[in-house]
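Residue numbers for the sequence shown follow our numbering, beginning at 22 and rising by one. Reading through the structure tokens given below for one structure.
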Amino acid sequence: MYCILQEIDCGCREYCMNITLMAFGSRGDIQPFLALAVALKERGHAVTLAAPTDFESLIKAHAVPYAPILFNAQEFVQRSTSNNERKRQHPFAMFQTMRDALPEIKRSFAAAADALIEAARGADLIFAHGLSLPFSYSIHQHLNIPLMLGIAAPVVSTRYFPSPMFKPIPIGGRFYNPLTYEVLTRGIWFAMKTPMNEFRRRIDLPPITLTQLTRVLFDGQFPLIMHYSSYLNPAPPDWNPNVHVAGAWRLPAPADWTPPEALSQFLAQGDAPVYVGFGSMIVPKAAHIMQTITDALRTLKLRGVVQSGWGGLTAQDDHMITIGDAPHDWLFPRMQAVIHHGGSGTTHSALMAGKPSLVIPIMADQPFWGRRLAALGVAPPMIPPKKVTPEGIVAALRAMTQDTAMRQRAADYGALLRAEDGLGAAVSLIEQHVMT
């Protein structure tokens, strides 16, 4: 299954492996898997990353072999986040989004099935993103290849806190919390059983049942590496030993990356600005929210850097600048504070830079990360899009830029997160699993 001290120079200390990584979702889902692929490759392992076609150029820019999943993630995210705001904030919105996407998901995986199977054929390990689990699990069974999972949110059932898709409640948590994970699993099952089992029939496997899916997700049947920091959310004591919280997976900026001249000049011309960006999300009431943030920055005599993202946001004043892609690990240390959607990757980047942040959550696990930041005292309370007001944004900005205790806590947590080696921990866990 793997080579130990063989004649080939595989670059790692003891053995080398052929690993197929399967990732699905937006850039916030794909980029950590690309970082892991790069880290595994640097250890000498042979890797292939299967991902939606939007990310082919990004993956190839890091010299990682690529297998296409014929799915346009940007179009899907834009369509799924263009529903009304109330539905997006509801925990069951994800199920409706998945149901709405069924025709495209069925077409995509029917077209990609052969490519995915060929990408995994001969591999020593399949390492799969949680969103690709229904299909990667089937390929694992079809080819009899070991499977490990990776995800950026605490999705394993526990008595100690609810699923990230659900709000916590003040009493009754020991009953309510496990129930939220069961509801989540049933929702995923209801939304995905048709394309999942059509895919299984295509590769001569029996239909998967709800019980099987629950075991895969929650019973520690497969090793699961969660790529977030335990400082943000420690592992509860009732998790299976197969579940690991490794720390964030950060993709280094390309060695030849340099900031645009306009950005360098803007940063040099005044005090550190406030970052505003929502990644791959399409922001509801975007014009209102951006105008409110713009006015609040002006009121407090602060400057802003707006990252356009998939929503095409733009700066609306001469004390702000609009930018395209820029590595957060380079950009955020140059900011005073960060306003963002609360995705796991951006949440970790902001805190790793030692900066307070305001979360304006759009969907999925983003409110969870907003609550965690506020609980640590490194952020003001999150503000849902429908509750964005001039007074609220001014108060949040004032707290992030003037509350010395909050800023010091953010700096202290930043030092802790920078000392973590999430990629190193993940690579070690992967190597240990295959060795045993």
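Beta carbons are placed, not taken as given, at the ideal position from N, Cα and C, and that holds for glycine.
Check	Outcome
Meets three-Cβ-pair contact criterion under 8 Å: the region 255-269 and the region 309-324	no
Reduced DSSP category for Pro183 - H, G, I as helix; E, B as strand; rest coil	coil
Stretch pair the region 379-395 + the region 269-289: three plus CB contacts closer than 8 Å	no
Endpoints, beta strand (DSSP E) assigned at Met15	Outside the shown range of the chain, which is 22 to 457, sits residue 15, and nothing can be said about it.
Nearest-angstrom Cα separation, counted from Ile192 out to Phe496	The structure shown does not extend to residue 496, since the chain is modelled only from 22 to 457, so the question has no answer here.
Residue closest to Ala173, alpha-carbon to alpha-carbon, out of Gly325, Phe45, Arg207, Lys306	Phe45
Classification of Arg428 by the beta-carbon crowding that lies within 10 angstroms, buried from 16 upward	buried
Own chain partners of Thr410 with C-beta closer than 6 Å, once the 5 adjacent residues on each side are dropped	none
For Pro175: DSSP bridge partner residues	DSSP, once it has assigned bridges, lists no residue as partnering Pro175.
Own chain residues within Cβ distance below 7 Å of Ile160, not counting five before or after	Leu137, Ile138, Ala141, Ile147
CB contact below 8 Å: Leu55 versus chain D	The structure shown contains no chain D; it is built from a single protein chain.
Helix, strand or coil at Gly325 [DSSP, three-state]	strand
Cβ distance (whole Å) where Gly330 is taken to contact Ser301 below 8 Å	6 Å
Rounded straight-line distance, which links the Cα of Met213 to that of Glu412	42 Å
Closest by C-alpha distance to Leu365, when choosing among Pro53, Cys37, Leu42	The amino acid occupying residue 365 in the given sequence is Ser; Leu does not appear at that position. Residue Pro53 is the option with its Cα nearest to Ser365.
Test item: CB-CB of Met373 and Arg439 under 8 Å	yes
Backbone CA spacing between Pro185 and Gly363 [nearest angstrom]	12 Å
Rounded straight-line distance, which links the Cα of Gly298 to that of Asp442	26 Å
Beta-carbon proximity list for Asp424, same chain, < 8 Å, skipping 5 on both sides	Pro377
Status (buried if at least 16 other CB within 10 Å, exposed otherwise) for Pro244	buried
Three-way DSSP call (helix, strand, coil) for Val12 in this model	Outside the shown range of the chain (22 to 457) lies residue 12, about which nothing can therefore be said.
Residue environment, Gly445, which counts as buried when at least 16 other CB atoms sit within 10 Å	exposed
Three-state secondary structure (DSSP) of His161	helix
Near the ligand GDP: Gln286 beta-carbon under 7 Å from a heavy atom	The ligand GDP is not part of the structure shown, which contains no ligands of any sort.
Three-state secondary structure assigned by DSSP to Gly330	coil
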